[in-house]
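All residue numbers in the sequence shown are consecutive under the working numbering, ending with 510. Worksheet for the structure shown next.
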Amino acid sequence: AWSRMLSRGASVEIDAVYFNPAGLTKLGDGFHISLSSQSIFQTQTITSTFPYLNEQEYTGKISAPVFPSVYLAYKTGKFVFSFGFLAIGGGGGAAFERGVPMMEVPISTLAPTFKSLGVDGYTVNMEFNGTSVYWGLQGGVSYEINDHISVFAGARYIMAKNTYKGHLRDITLLRPEAAGGPVAAEVFISGLSTMANGAGSSMQPIIEGGGGELTWDQVVALGVITPEESAALQGGLVQMGFPQETVAAMNIIQAQGAYFGTAAKLGATAPLMADQDGDITQTGSGITPIIGANLSFFEDNLNIGMKYEFMTKMDLTNEVPDGKGFFIGYNDDQTRKYMFPDGAKTNADIPAMLSIGVDYRIIDPLKVSVTYHTYFDKNTGWAKEAEDATPSAPVIDKNFWEFAIGLEYSITDNFLLSGGYLRAQTGVTQAYQSNLGFSLTTNTMAFGGAYKINDMFRLNLGGYYTMYDEQTYDMSYEGLDGTVTPYKETYLKSTFAVAIGVDIAIGAKK
1 AWSRMLSRGA SVEIDAVYFN PAGLTKLGDG FHISLSSQSI FQTQTITSTF
51 PYLNEQEYTG KISAPVFPSV YLAYKTGKFV FSFGFLAIGG GGGAAFERGV
101 PMMEVPISTL APTFKSLGVD GYTVNMEFNG TSVYWGLQGG VSYEINDHIS
151 VFAGARYIMA KNTYKGHLRD ITLLRPEAAG GPVAAEVFIS GLSTMANGAG
201 SSMQPIIEGG GGELTWDQVV ALGVITPEES AALQGGLVQM GFPQETVAAM
251 NIIQAQGAYF GTAAKLGATA PLMADQDGDI TQTGSGITPI IGANLSFFED
301 NLNIGMKYEF MTKMDLTNEV PDGKGFFIGY NDDQTRKYMF PDGAKTNADI
351 PAMLSIGVDY RIIDPLKVSV TYHTYFDKNT GWAKEAEDAT PSAPVIDKNF
401 WEFAIGLEYS ITDNFLLSGG YLRAQTGVTQ AYQSNLGFSL TTNTMAFGGA
451 YKINDMFRLN LGGYYTMYDE QTYDMSYEGL DGTVTPYKET YLKSTFAVAI
501 GVDIAIGAKK
């Protein structure tokens, strides 16, 4: 029903189990069941202007062929006991066959960094896949105070699971045959580290002999090294990215430090270029208390539904096989640092939500519905943690909100058509957005209908298309040689879905 109308905040039908549980008291006595599923398909596109990438567009295909909802309600007198099972979030999988920019940008910088050594490009075999689903089990009790007012109290238990799988393989630096041809990046960088360490070590006798403070010209003049050896040592530093004038002004201790520093940096970088696979599972659970109220006036032609879902406190815990958390560097104690450390917890609180819906039957066949939702993102643990870490760059600027308007027109007593529009306004800042998840403002259009087969069965059909506002951000990346490269990243999505459902009334009496 939502997929054909988009505004269900004041529903008094069986889907009110989720959208307006206090409104369930308007059902007839007996059992009511709703079985439905959406098939959702989304394309995510990340475009990067980083100048060294082989290609700038990364596309992910997301599909959730089955996105089910099950609602059950039993009404007896003034009481309604309800149960719901549905996917609160996620529900599909995303496949980026070329990975995402954050994985490839560091690799792409190797070509300009080692240009002086003949490197003029790179290749990499990269893939990234993710899935996410938040299942919800909900139960509660609705009570009719009088013909005009009813209330609800209940809770939802949420089980969350995210998975990330992918690989980085066959990272190769391209060189012309004259420079040695293609070479594995790990081998190339490791070899440079060994050479830099050897060059630094070769200067140790000069330092031990008291010549550490001498310039290149001075050690050559004293016959400690030949002009050719001096030129080779200086040229090595220039090839590794140090400006010629800087190298020329160095004394021997400074030159050795530059070599050893470069050797250490290259030595730490080389393992990052080795083949690696990622296999991460994140799981967590939480409980959402829910309260609601429903108000009806003018012989039920005007109905107002209100629902408040309290914040769900939840942490996600990483489960990662050894070495499969995407190796990204070293900790201070020189142990390996992973993007997803095994056992690490990430706050994933679900924000509190306020829903207000109004349905008004203008004339007997025509009903207008409006719904407003706001999500109190700023109060979540993850938003507060981010703000504490970087007070000058909060991840939330304004709370997320949605406004929907829907129309429902009864062609006959058994057949109706409906349509709707929904605006969803995100409130996140650039600090929130990432290649692994981004939030954009959207506009959604929906259309569908319902057919009452008989007094027991009603069929719902609907579909919607969501258009996202493209968002572009200024970025920067610091390479191995300390060079900072500015670039832009643009995020965009598109989504369409179709849905089918059946409402069943067993022994219900109006």
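Cβ atoms here follow ideal geometry from the backbone N, Cα and C, with glycine treated the same way. From a predicted model like this one, the values you see are computed outputs, not experimental measurements.
First and last residue of the beta strand (DSSP E) that includes residue i?
{"i": "T47", "result": "29 to 48"}
{"i": "N443", "result": "442 to 452"}
{"i": "I363", "result": "353 to 363"}
{"i": "F260", "result": "Element bounds for F260: not the beta strand (DSSP E) but the alpha helix (DSSP H), 252 to 269."}
{"i": "R336", "result": "336 to 338"}
{"i": "L416", "result": "415 to 425"}
{"i": "A404", "result": "400 to 410"}
{"i": "S369", "result": "366 to 375"}
Taking only three categories from DSSP, how would you classify residue i?
{"i": "N125", "result": "strand"}
{"i": "D279", "result": "strand"}
{"i": "K313", "result": "coil"}
{"i": "K75", "result": "strand"}
{"i": "I225", "result": "coil"}
{"i": "Y432", "result": "coil"}
{"i": "A383", "result": "helix"}
{"i": "D388", "result": "helix"}
{"i": "A95", "result": "strand"}
{"i": "I291", "result": "strand"}
{"i": "P341", "result": "coil"}
{"i": "P101", "result": "helix"}
{"i": "E13", "result": "coil"}
{"i": "S439", "result": "coil"}
According to the Cβ coordinates, are residue i and residue j closer than 8 Å?
{"i": "A431", "j": "V484", "result": "no"}
{"i": "A386", "j": "D377", "result": "no"}
{"i": "G261", "j": "G180", "result": "no"}
{"i": "M512", "j": "N435", "result": "A question about residue 512 goes unanswered here, because the residues of the chain that appear run from 1 up to 510."}
{"i": "L461", "j": "T444", "result": "no"}
{"i": "N301", "j": "N20", "result": "no"}
{"i": "S369", "j": "G406", "result": "yes"}
{"i": "Y491", "j": "I62", "result": "no"}
{"i": "K324", "j": "D397", "result": "no"}
To the nearest angstrom, how far is it from the Cα of residue i to the Cα of residue j?
{"i": "V70", "j": "A505", "result": "14 Å"}
{"i": "P271", "j": "P68", "result": "44 Å"}
{"i": "M314", "j": "F79", "result": "31 Å"}
{"i": "T374", "j": "L168", "result": "40 Å"}
{"i": "G532", "j": "V247", "result": "No answer is possible for residue 532: it lies beyond the span of the chain, which begins at 1 and ends at 510."}
{"i": "E478", "j": "D349", "result": "32 Å"}
{"i": "V498", "j": "A1", "result": "11 Å"}
{"i": "S476", "j": "G482", "result": "12 Å"}
{"i": "H148", "j": "T472", "result": "49 Å"}
{"i": "I252", "j": "D332", "result": "29 Å"}
{"i": "A352", "j": "T441", "result": "19 Å"}
{"i": "V66", "j": "S34", "result": "15 Å"}
{"i": "L519", "j": "S39", "result": "The first residue shown for the chain is 1 and the last is 510, placing residue 519 beyond what the model contains."}
{"i": "A111", "j": "S418", "result": "57 Å"}
{"i": "A249", "j": "D217", "result": "10 Å"}
{"i": "N303", "j": "S7", "result": "13 Å"}
{"i": "F85", "j": "A153", "result": "17 Å"}
{"i": "V320", "j": "M159", "result": "19 Å"}
{"i": "F327", "j": "T109", "result": "18 Å"}
{"i": "M126", "j": "T426", "result": "31 Å"}
{"i": "W135", "j": "G236", "result": "58 Å"}
{"i": "H32", "j": "T131", "result": "32 Å"}
Would you mind reading off the limits of the alpha helix (DSSP H) that contains residue i?
{"i": "T113", "result": "110 to 113"}
{"i": "K324", "result": "Per DSSP, K324 belongs to no alpha helix (DSSP H) and is neither H nor E."}
{"i": "G191", "result": "185 to 202"}
{"i": "Y18", "result": "16 to 19"}
{"i": "M240", "result": "No alpha helix (DSSP H) holds M240; DSSP gives it neither H nor E."}
List the DSSP bridge partners of residue i.
{"i": "M159", "result": "W135, S285"}
{"i": "K141", "result": "The identity of residue 141 in the sequence shown is Val, whereas the question assumes Lys. DSSP lists F81, A153 as partners of V141."}
{"i": "Q471", "result": "Y491"}
{"i": "D503", "result": "S34, R458"}
{"i": "E245", "result": "DSSP lists no partner for E245."}
{"i": "S3", "result": "Note: S3 sits in no beta bridge, so no partner."}
{"i": "T25", "result": "DSSP output for T25 lists no bridge partner at all."}
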